[in-house]
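Below you'll find the structure, written out as structure tokens, and then a few comments.
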Amino acid sequence: MQIEKTAAGVRAQVKAWKKEGLSVGLVPTMGYLHEGHKSLIDRAAAENDRVVVSIFVNPIQFGPAEDLETYPRDLEADSKLCEQAGVSLIFAPEASEMYAEDFSTYVDAGKVTEELCGKSRPTHFRGVCTVVNKLFHIAAPDRAYFGQKDAQQLAVIRRMVRDLNMDLEIVGCPIIREEDGLAKSSRNTYLSEEERKAALVLSKAVFKAEEMAEGGEKDGEKILEAMRNIITAEPLARIDYVEMVRWDTIEVSRIIDGPTLIAIAVFIGKTRLIDNVLVRAAQ
Ligand code: PAF
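Residues 9 to 291 in this note's numbering are what the sequence shown lists, from first letter to last.
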């Protein structure tokens with residue numbers, strides 16, 4: 009397994025693979041890899057001849073008061089996981105490799121970025137789209153893999169790829185959960201023991217929403233109210249948002265009449281966690 013620090017190094021290797029007629033799958037990450045990332049890598053390995061994993065804590069997707077400095081990093085452990093999973097190349101650039109001092113070109117996917125996380129993190133998706141766009145140019149993948157846990161991110165990237173005629177397939181992969189239900193996230197490592205227990209309100213709320221929707225409940229207000237009740241019963245939890253949107257447009261909705269994303273962001277102590285479920289109108 010190769011570890012490349014430069015865009016030129018990645019490009020040269022990918023070019024050589026393409027010359028041999030090999031397909032390339034890209035898994036963009038910010039590192040501190042867990043089983044959620046591993047599931048993306050496994051899928052990429054099953055569907056492509058070569059897998060590239062990018063590991064880059066992208067500064068431009070963090071707001072000024074967010075956790076850029078403290079975001080967990082462990083390239084050694086990440087490399088081990090990647091090697092064992094059959095990754096061919098890790099791209100682990102420094103920020104200076106990705107952003108020139110006078111960097112000034114950004115990608116903005118517009119309206120799909122405005123609700124949910126985009127509301128509380130106004131520059132986040134501009135940073136995500138910009139770096140993902142750069143990674144697509146550098147690694148020229150045939151397919152790129154993203155988790156459904158960051159559902160809005162997945163929708164935003166699909167929109168960007170469609171709008172900018174990018175020639176690759178975006179593959180969305182299911183949320184991977186701990187045994188007790190908590191969605192896997194690198195940020196779970198911030199939680200104290202007490203907070204870890206409290207964090208279960210996220211999955212409980214999401215499972216409740218899923219159960220109600222599957223039972224035929226179409227009234228968004230009723231579902232969101234049931235979710236809020238679960239979360240606010242936990243003293244360590246503070247709601248950022250509990251929301252329902254149309255899956256294709258990420259526009260706020262209060263009726264399940266088609267593919268609908270029910271998504272939440274909740275602070276457990278100082279740690280902001282997200283979770284969601286995608287539901288469809290019962291036939
Ligand atoms: O989901 C993430 O880890 C990041 O947002 C991504 C897609 C790697 C872009 O920095």
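We treat Cβ as the ideally placed atom computed from N, Cα and C, and that holds for glycine.
(message) Closest to S128 by C-alpha separation, out of L286, F275 and V285, would be which residue?
(response) Out of L286, F275 and V285, F275 has the C-alpha closest to the C-alpha of S128.
(request) Report yes or no: do the stretch 75 to 91 and the stretch 175 to 189 share at least 3 C-beta pairs separated by less than 8 Å? (result) The stretch 75 to 91 makes no contact with the stretch 175 to 189: fewer than 3 CB pairs, one atom from each, lie closer than 8 Å.
(request) In the DSSP assignment, find the beta strand (DSSP E) that holds G44 and state where it starts and stops. (result) It is not in any beta strand (DSSP E) - G44 instead sits in the alpha helix (DSSP H) that spans E43 to E55.
(message) Using only the alpha-carbon positions, how far apart do A273 and D248 sit?
(response) Inter-residue distance for A273 and D248 is about 5 Å (C-alpha atoms, whole angstroms).
(message) By DSSP's criteria, S112 is part of a beta bridge. Which residues make up the other side?
(response) Beta-bridge analysis with DSSP links S112 to no other residue.
(request) Collect the residues with a C-beta less than 6 Å away from any heavy atom of the ligand PAF and give them in sequence order along the chain. (result) Qualifying residues come out as P36, T37, M38, N66, Q69, V136, V139, V140, D158 and Q161.
(request) Express the C-alpha separation of A54 and L30 in angstroms, rounding to a whole number. (result) Here the alpha carbons of A54 and L30 stand approximately 13 Å from one another.
(message) Let's test the definition: count the other Cβ atoms within 10 Å of the Cβ of R288 and tell me whether it reaches 16, buried, or not, exposed.
(response) Counting Cβ neighbours within 10 Å, R288 comes out exposed, since fewer than 16 surround it.
(message) Just to confirm my understanding: we take E91, look at its own chain, exclude 5 residues before and 5 after, and list those with CB closer than 8 Å. What are they?
(response) Closer than 8 Å at Cβ, skipping near neighbours: M9.
(request) Within 10 angstroms of the Cβ of Y40, are there 16 or more other Cβ atoms? Answer buried if so, exposed if not. (result) Around the beta carbon of Y40, a 10 Å sphere encloses 16 or more other beta carbons of the protein chains shown; the residue is thus reported as buried.
(request) Count the CB pairs spanning the stretch 61 to 70 and the stretch 36 to 50 that are closer than 8 Å, and state whether there are at least three. (result) Taking 8 Å as the limit for Cβ pairs, the verdict is that the stretch 36 to 50 does touch the stretch 61 to 70.
(request) For the stretch 95 to 106 and the stretch 14 to 22, state whether three or more C-beta atom pairs, one from each stretch, are separated by less than 8 Å. (result) Judged by Cβ distances under 8 Å, the stretch 95 to 106 makes contact with the stretch 14 to 22, as three or more pairs qualify.
(message) Could you pull the DSSP bridge partners for D251 from this structure?
(response) It should be noted that the sequence gives Glu, not Asp, for residue 251. The partner list for E251 (beta bridge, DSSP) reads A271.
(request) Determine which residues share a DSSP beta bridge with I276 and list them. (result) DSSP lists A245 and T279 as partners of I276.
(request) Determine the DSSP secondary structure at A73, reduced to helix, strand or coil. (result) In the displayed model, A73 falls within coil according to three-state DSSP, outside both helix and strand.
(request) Apply the 10 Å Cβ neighbour rule to D175 and answer buried if 16 or more other Cβ atoms are within range, or exposed otherwise. (result) With fewer than 16 other Cβ atoms inside 10 Å of its own Cβ, D175 counts as exposed.
(message) Quick check on DSSP: helix, strand or coil for Y198?
(response) In this structure, Y198 counts as helix in the three-state DSSP scheme.
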